[in-house]
Each structure stands twice: as structure tokens, then as C-alpha cells.
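Undergrad: Sharing a structure below in C-alpha cells format, with a few things to ask.
2 protein chains.
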Amino acid sequence: MVYVEPHLDERCAACLVRDQALCASLADDELSALSAIGRTRPLARGQTLIWAGDSSSVCANLVSGVLKMATATADGREQIVGLLFPGDFVGQPFAEEASLTFAALTDASLCVYPREGFVEVLADHPALERLLLQRTMAALDDARSRMLTLGRRSASEKVAGFLLELGHRLPRRPGSGPAAGYVFDLPLGRAQIADVLGLTIETVSRQLTRLRTSGVIALSGRRTVAIREPARLKRLASTAGA
Amino acid sequence: MVYVEPHLDERCAACLVRDQALCASLADDELSALSAIGRTRPLARGQTLIWAGDSSSVCANLVSGVLKMATATADGREQIVGLLFPGDFVGQPFAEEASLTFAALTDASLCVYPREGFVEVLADHPALERLLLQRTMAALDDARSRMLTLGRRSASEKVAGFLLELGHRLPRRPGSGPAAGYVFDLPLGRAQIADVLGLTIETVSRQLTRLRTSGVIALSGRRTVAIREPARLKRLASTAGA
DNA sequence: CTAATGATTTGACCTAGGTCAAATACACCG
DNA sequence: CGGTGTATTTGACCTAGGTCAAATCATTAG
Numbered sequence: 007m008v009y010v011e012p013h014l015d016e017r018c019a020a021c022l023v024r025d026q027a028l029c030a031s032l033a034d035d036e037l038s039a040l041s042a043i044g045r046t047r048p049l050a051r052g053q054t055l056i057w058a059g060d061s062s063s064v065c066a067n068l069v070s071g072v073l074k075m076a077t078a079t080a081d082g083r084e085q086i087v088g089l090l091f092p093g094d095f096v097g098q099p100f101a102e103e104a105s106l107t108f109a110a111l112t113d114a115s116l117c118v119y120p121r122e123g124f125v126e127v128l129a130d131h132p133a134l135e136r137l138l139l140q141r142t143m144a145a146l147d148d149a150r151s152r153m154l155t156l157g158r159r160s161a162s163e164k165v166a167g168f169l170l171e172l173g174h175r176l177p178r179r180p181g182s183g184p185a186a187g188y189v190f191d192l193p194l195g196r197a198q199i200a201d202v203l204g205l206t207i208e209t210v211s212r213q214l215t216r217l218r219t220s221g222v223i224a225l226s227g228r229r230t231v232a233i234r235e236p237a238r239l240k241r242l243a244s245t246a247g248a
Numbered sequence: 007m008v009y010v011e012p013h014l015d016e017r018c019a020a021c022l023v024r025d026q027a028l029c030a031s032l033a034d035d036e037l038s039a040l041s042a043i044g045r046t047r048p049l050a051r052g053q054t055l056i057w058a059g060d061s062s063s064v065c066a067n068l069v070s071g072v073l074k075m076a077t078a079t080a081d082g083r084e085q086i087v088g089l090l091f092p093g094d095f096v097g098q099p100f101a102e103e104a105s106l107t108f109a110a111l112t113d114a115s116l117c118v119y120p121r122e123g124f125v126e127v128l129a130d131h132p133a134l135e136r137l138l139l140q141r142t143m144a145a146l147d148d149a150r151s152r153m154l155t156l157g158r159r160s161a162s163e164k165v166a167g168f169l170l171e172l173g174h175r176l177p178r179r180p181g182s183g184p185a186a187g188y189v190f191d192l193p194l195g196r197a198q199i200a201d202v203l204g205l206t207i208e209t210v211s212r213q214l215t216r217l218r219t220s221g222v223i224a225l226s227g228r229r230t231v232a233i234r235e236p237a238r239l240k241r242l243a244s245t246a247g248a
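As you go down the protein sequences, you meet chains V and G in turn.
Here the first sequence stands for residues 7 to 248, numbered as in the working numbering.
Here the second sequence stands for residues 7 to 248, numbered as in the working numbering.
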């Protein structure tokens, strides 16, 4: 007598985000509906998955890496409206035409679905739709708290808050801990941090040096940050006065 | 032989937004599930339906009037993160604790549901859930384009764009037309416009006088606006220079 | 290890928009 | 219709953060 595993696509079985991504809402044997229409795809740092203005594009689950979502004004001023981390859902399933550009900030890998197909699978799997709804509501909360930051916080509050947020979401470097500080690598350059926060490169740079000089953080190389005094950083993130 | 109408709650039958609100996704005979748990409720200008921090609150459909959604920093700086018009969905069905304050900018009336009950009805009515998902995605798009405005546009672009948007969403005054301009009443005071746009009262006021002086708009009373030159206003809304 | 190249930092300066403080202007009330 | 209280406008001034330009610095290719 042979034991037969429920069919589970091998990619999915090995998937790093099997239970963080939307897929977490599907039992092993339901997963085939999704995996049947999806294919994995690497995306190198700097590459764009979806361009704003593209018609009928794709959706995806982000498996590894970091993506940005961005819009721009007619004359080219850019605003990054969100960052995406492993397990996050990528794309605008109900938009005929994408309003955002999705691009990789680090080398990334995705599980990509054709938009229409994805919407159909959604209709057949209430649990999937429910989870997507919850994720979308959470994304909305995130967008709105970011609106508060953009509209009402000072440059130093913005930068401090941003570092704290990344510290939470990003994998910590080995050797990281309360003593040495929480150490991680920025997936964005100064220009991109500026585009997230509604500032200029120069202002971001000056704020970072101020934090370094005052001992709240340490910087090494272009991209490595250590949060030395989380408590002080937290205070700076929500204090109007400098 | 007597013809029996499918049961349709009398409130719903007379509802002004029966087919703009979420309810549009439900057939007359499904509507009872929702109307059974809902009750209509007036909300006077200035009153608050939900306070940020409230636990387990309510959801609603907005039947008439205009609401604001707002957050604030710890020290009291406020950001209005969205306006709600008749037919819009109100509340945060999946949040244990509200992160936003919902308050009436004009006298309003709502169709209010207990949060948990609403979530259950949602689970039983796929069409309802689908429509809510689409609305939520649309709200997310809106929030993100507002982020572009907050982060990257100048005061004059912000004000011009805001007037155009209200001109689209608000009922036009009688006598309104291409000739006299599109006339409507602002549901917000200067302070609230400032809180939407991430500006100060004074800057909003100065921008409005500038628009009036240059003949693009006309103002009468505190709250009535006439858009005299829509084309020029549109240009101002997307031009970096002045 | 060194040069080449783009990213970042730093400095000097400027301006959009904020702040503070009076005037006005509405709207509502008696 | 005049008085009162709040919302708005206007003015004078100031500053956070933008701009422009010039060093540095980190990285990668050789």
C-alpha cells in the first residue's frame, strides 16, 4: 500500500513564503489552482516588473527581496508609495491599467500570475479573497499612516521613523543585538529614501549624519546601519522639536 | 392571486444610495441580511462617529453628507487622510481598534452596522465581499496618489488639484455651467483644507486669494467656490512652476 | 593595488511656506 | 438692524529644508 501525498507543486512545497504569502489561506490541495497559473521569476536589482500605464499586467507574490511601488508627477518628481517585503502581494488585480511602477530594490524572486487568471482563482477561493481583503485593508492603514508622515512630520522625524520601520521589517545582521545595536543593510540608496519620505537626497544625508554624530546610529559602508540607541531614535521619531 | 414583492426593507427601498453603496452588489432579496443588522443614524456636522483608538466599533454606508477620516501625531498635528461622500463605505471592518477618526463635515446620514456582524454578512455574500475588495483597492489607489501630492507637490498645485477634485465629487450648484463656472459649496473650512493638503491655514488662504485675484476662481461667502477657468486650474494643478 | 565612476557628504546660499500678530469679514443672534 | 464671536485674510518676518556646486568616499573593473 502506497501513501500518496496530496498533490503539492514542488515549487510550492519548497516555497520560502508558503505561509506568509496569500497562499497561506489555501490548503495544500487547493494550492494547485494558483500554482497552475503561476510561474516563478527572478527580478534583478533595478529591474521593473510593472510600469505605471501598462495595461493588463500581472500580479505576484514576493518570495524574496524588496520591491518599491512608485508614482511620479507629469514632470518627473517621484514618490515611492510603499515598499514590499517577502510574502507581500504585488500588483493591482482590478486595475485595467497599472497606476504604479513596481521595481526591485534588491535582487528578488517572485511567483507571478496573469492578472485575469488570478482574479478568477480569487473568485473560486473565498479564503484567498478574504485574506487578500484583509491584506489590502492593512495596506490602506499603512498608506494612511504614511500620509501623516508626509503631510505633518519634520525631516528628522521622517528619517528616524523610517529607520525604525526598516529595523523591524528587515532581516538583522548576524552579531546584531541590544548591545551592538540592531544592524541591517538598507535596501535603498539615499535618493530612494528621499523619494519615500518626500525629501531631497541632501536632507536625508544631513539627517543621517546628525544621527550618527549624536551616537544614535552608526553607519558603515554606504548601506549598513546600526541602531545604537533605539529608545532615543523612537523619541526622535515622534518629537516635533528637532 | 396576490403578487408578493420580494421582501425589501422599506428603508432600503427608499435609500438614496441603494445602487452606489456596497449594497449595489446584493439583490433585493439578499439585502435583508444587511438591513437586519443595520440601522440608520443621522450625524450632525462636527460630530464624530468613530474615534481613533476606539475598540470594536462600527461600519457604515454613508447615505448623505461628507465625512472626514483623520489621524494625528502624538502632539496633536492632524492629517485628514480622506474624505467620504454618499455611497462610500465607512470604517475599518478588520481592525480590532480603529486607527482613524471618522467625523462629519456636514450634516450626514449613515446606515450603521456592528463591526462583527458586518464581517459575518460579508462572509456569506461573496458579491458583497468582492465589491468591498474592489472599493478598498480603489481607496488604496486614491491614498497613494494623495501621497504623491503630499510628498512632492507645491502648495499651489495642492490647492488647485484639491478644488478640481471637489468640483468633480460634489453636487454642483444650480446655475452652474461652463459659462458661469462650476459652482459648489466647500464642505470644509480653511483649517480642514490645510489638514487635507499638509499645509497651514494661512497658506491655503493665500493660495485661494491668488487664484481669485488671477480670475481662475471666484469666491463668495466663506464656502462657495466657482471654477471660472477649469483649463487654467488644471494646468496649475500639474505645473511645478508657481 | 589603482583608477574610474557613481553615490554620498558637506558647504553656502536661497526660498516656499511656516509663524506670529493684527485686521477684516461673515453669520448668527437677539 | 446692530452686536458678538469665530473664521478668514493680510502683513511682517523667520526658518526648515531646498538648490547648486564642490569635495569625498565606496565599489568595481582592471
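Think of the CB as a built atom: it goes at the ideal place given N, C-alpha and C, for glycine as much as any other residue.
What are the residues that DSSP puts in a beta bridge with V:C29?
TA: By 1-based counting over the first sequence, the position of residue 29 of chain V is 23. DSSP output for V:C29 lists no bridge partner at all.
Undergrad: For the beta strand (DSSP E) containing G:G88, list its first residue and its last residue.
TA: Sequence index remark: in the second sequence, residue 88 of chain G carries index 82 (1-based). Counting along the chain, the beta strand (DSSP E) containing G:G88 begins and ends at E84 to L90.
Undergrad: Does the structure place the region 175 to 186 of chain V close enough to the region 132 to 143 of chain G that three or more beta carbon pairs sit under 8 Å?
TA: Touching, no.
Undergrad: Among residues of its own chain, excluding the 5 on either side of V:V118, which ones have a beta-carbon nearer than 7 Å to its beta-carbon?
TA: What you label residue 118 of chain V is simply residue 112 of the first sequence in a count that begins at 1. Once the five neighbours on either side are set aside, the close Cβ partners of V:V118 are G44, R45, R47, V64 and A66.
Undergrad: Closest Cβ-Cβ distance between V:V10 and chain G: below 9 Å?
TA: In the first sequence, counting from the first residue as 1, residue 10 of chain V sits at position 4. Per-residue confidence for V:V10 stands at a pLDDT of 49, beneath the threshold of 50, marking its modelled position as unreliable; the derived number appears in the next sentence. No - not a single Cβ of chain G is within 9 Å of the one on V:V10.
Undergrad: Following the continuous beta strand (DSSP E) through V:S226, name the residue where it begins and the one where it ends.
TA: Stepping through the first sequence from its first residue, residue 226 of chain V is reached at position 220. Unbroken beta strand (DSSP E) run through V:S226: I223 to S226.
Undergrad: What's the gap between the Cα of V:S244 and the Cα of V:F124?
TA: Residue 244 of chain V sits at position 238 when you count from the first residue of the first sequence. Residue 124 of chain V sits at position 118 when you count from the first residue of the first sequence. Each residue's alpha carbon lies about 40 Å from the other.
Undergrad: Give the interface partners of G:G157 over in chain V, defined as CB-CB distance under 7 Å, in chain order.
TA: Taking the second sequence and counting its residues from 1, the one referred to as residue 157 of chain G is at position 151. The contacting residues are Q85, L156 and G204.
Undergrad: Ends of the alpha helix (DSSP H) at V:F124?
TA: In the first sequence, counting from the first residue as 1, residue 124 of chain V sits at position 118. First-last of the alpha helix (DSSP H) with V:F124: R121 to D130.
Undergrad: Do V:T107 and V:T54 have their C-beta atoms closer together than 9 Å?
TA: Locating residue 107 of chain V in the first sequence gives position 101, where the first residue counts as 1. Locating residue 54 of chain V in the first sequence gives position 48, where the first residue counts as 1. For V:T107 and V:T54, yes; Cβs fall inside 9 Å.
Undergrad: State buried or exposed for G:L154, treating a residue as buried only when at least 16 other CB atoms are found within 10 Å of its CB.
TA: Your numbering for residue 154 of chain G matches position 148 in the second sequence. Buried.
Undergrad: Between G:K240 and G:L172, what straight-line distance do the alpha-carbon atoms span, to the nearest angstrom?
TA: Here residue 240 of chain G refers to the residue found at position 234 of the second sequence. Here residue 172 of chain G refers to the residue found at position 166 of the second sequence. About 13 Å.
Undergrad: V:F95 and V:L28 look like a contact to me (Cβ under 8 Å); what is the Cβ gap, rounded to whole Å?
TA: On the first sequence, position 89 is the one that residue 95 of chain V refers to. On the first sequence, position 22 is the one that residue 28 of chain V refers to. Rounded, the Cβ-Cβ distance is 6 Å, consistent with contact.
Undergrad: So G:L3 contacts chain V; which residues on that side make the cut at Cβ distance below 7 Å?
TA: Any question about residue 3 of chain G goes unanswered here, given that chain G covers just 7 to 248.
Undergrad: Do V:A19 and V:V127 have their C-beta atoms closer together than 9 Å?
TA: For the purposes of this step, residue 19 of chain V is taken as the residue at position 13 of the first sequence. For the purposes of this step, residue 127 of chain V is taken as the residue at position 121 of the first sequence. Taking 9 Å as the Cβ cut-off, V:A19 and V:V127 do not qualify as a contacting pair.
Undergrad: Within the continuous beta strand (DSSP E) that includes V:S70, where are the two ends?
TA: Looking up residue 70 of chain V in the first sequence gives position 64. Taken as a continuous stretch (DSSP letters only), the beta strand (DSSP E) holding V:S70 covers V64 to S70.
Undergrad: Interface residues of chain V around G:D81 at Cβ under 7 Å?
TA: Mapped onto the second sequence, residue 81 of chain G falls at position 75. Residues of chain V passing the Cβ test: A246.
Undergrad: Helix, strand or coil for V:A236, going by three-state DSSP, please let me know.
TA: Reading the first sequence from its first residue, position 230 is the one you call residue 236 of chain V. Note on residue identity: the sequence assigns Pro, not Ala, to residue 236 of chain V. Helix.
Undergrad: Throw me the rounded Cβ distance for the V:L192 and V:R229 pair, which I believe falls under 8 Å.
TA: Taking the first sequence and counting its residues from 1, one reaches residue 192 of chain V at position 186. Taking the first sequence and counting its residues from 1, one reaches residue 229 of chain V at position 223. Rounded, the Cβ-Cβ distance is 5 Å, consistent with contact.
Undergrad: Quick one, which of V:A109, V:R83, V:V222 and V:T209 has its alpha-carbon nearest V:K74's?
TA: For the purposes of this step, residue 74 of chain V is identified with residue 68 of the first sequence, where counting begins at 1. Cα-wise, what sits closest to V:K74 is V:A109.
Undergrad: Answer yes or no: do G:V69 and G:A30 have a C-beta to C-beta separation smaller than 9 Å?
TA: By one-based count along the second sequence, residue 69 of chain G stands at place 63. By one-based count along the second sequence, residue 30 of chain G stands at place 24. Going by C-beta atoms, G:V69 is not nearer than 9 Å to G:A30.
Undergrad: Between the Cα of V:E163 and those of V:A42, V:A224 and V:L214, spot the shortest distance and give me the residue it belongs to.
TA: Position 157 of the first sequence, counting from 1, holds the residue named residue 163 of chain V. Selected option, being the one with the closest Cα: V:L214.
Undergrad: Check the Cβ of V:R152 against every Cβ in chain G and list those closer than 8 Å, keeping chain order.
TA: On the first sequence, position 146 is the one that residue 152 of chain V refers to. Within 8 Å Cβ-Cβ: M153.
Undergrad: Can you tell me which of V:V189, V:R159, V:G59 and V:G88 puts its alpha carbon nearest to the alpha carbon of G:G82?
TA: Taking the first residue of the second sequence as position 1, residue 82 of chain G is located at position 76. Comparing Cα-Cα distances from G:G82 to each of V:V189, V:R159, V:G59 and V:G88, the minimum goes to V:R159.
Undergrad: Tell me the residue span of the beta strand (DSSP E) that contains V:V189.
TA: As a position in the first sequence, residue 189 of chain V is number 183, starting the count at 1. Unbroken beta strand (DSSP E) run through V:V189: Y188 to D191.
Undergrad: For V:E36, which residues does DSSP report across the bridge?
TA: Stepping through the first sequence from its first residue, residue 36 of chain V is reached at position 30. Answer is none; V:E36 lacks a bridge partner.
Undergrad: Helix, strand or coil for G:R178, going by three-state DSSP, please let me know.
TA: Walking along the second sequence from the start, residue 178 of chain G turns up at place 172. Coil.
Undergrad: Would you say V:Q98 faces chain G, with C-beta separation under 9 Å as the test?
TA: Translated into positions along the first sequence, residue 98 of chain V becomes position 92. Yes, contact with chain G.
Undergrad: Select from V:S211, V:Q85 and V:T112 the residue whose C-alpha is nearest the C-alpha of V:L169.
TA: If you number the first sequence from 1, residue 169 of chain V lands on position 163. Comparing Cα-Cα distances from V:L169 to each of V:S211, V:Q85 and V:T112, the minimum goes to V:S211.
Undergrad: Taking a Cβ distance cut-off of 9 Å, strictly less, list which residues of the region 109 to 136 of chain G are near chain V, in chain order.
TA: Hits within the stretch, in order: L128, A129, P132, E135 and R136.
Undergrad: Whose C-alpha, out of G:A246, G:R234, G:T206 and G:E208, is nearest the C-alpha of G:T219?
TA: Numbered from its first residue, the second sequence carries residue 219 of chain G at position 213. Nearest of G:A246, G:R234, G:T206 and G:E208 to G:T219, Cα basis: G:R234.
Undergrad: Helix, strand or coil for V:C21? Go by DSSP, reduced to three states.
TA: Taking the first residue of the first sequence as position 1, residue 21 of chain V is located at position 15. It is coil, neither helix nor strand.
Undergrad: On the three-state DSSP scale, how would you describe V:E102?
TA: Position 96 of the first sequence, counted from the first residue, corresponds to residue 102 of chain V. In this structure, V:E102 counts as coil in the three-state DSSP scheme.
Undergrad: On the CB-based measure, 16 or more other CB atoms within 10 Å of its CB, does G:R24 come out buried or exposed?
TA: Along the second sequence, read from residue 1 onward, the residue named residue 24 of chain G stands at position 18. Label assigned to G:R24: buried.
Undergrad: Taking the alpha-carbon of V:L156 as reference, which of G:L89, G:L137, G:D201 and G:L90 has the nearest alpha-carbon?
TA: Position 150 of the first sequence, counted from the start, is the residue given in the question as residue 156 of chain V. Of G:L89, G:L137, G:D201 and G:L90, the residue nearest in Cα terms is G:D201.
Undergrad: Between V:S211 and chain G, is any beta-carbon pair separated by less than 9 Å?
TA: The residue labelled residue 211 of chain V in the question sits at position 205 within the first sequence. For V:S211, the answer is no, since every Cβ of chain G falls outside 9 Å of its Cβ.
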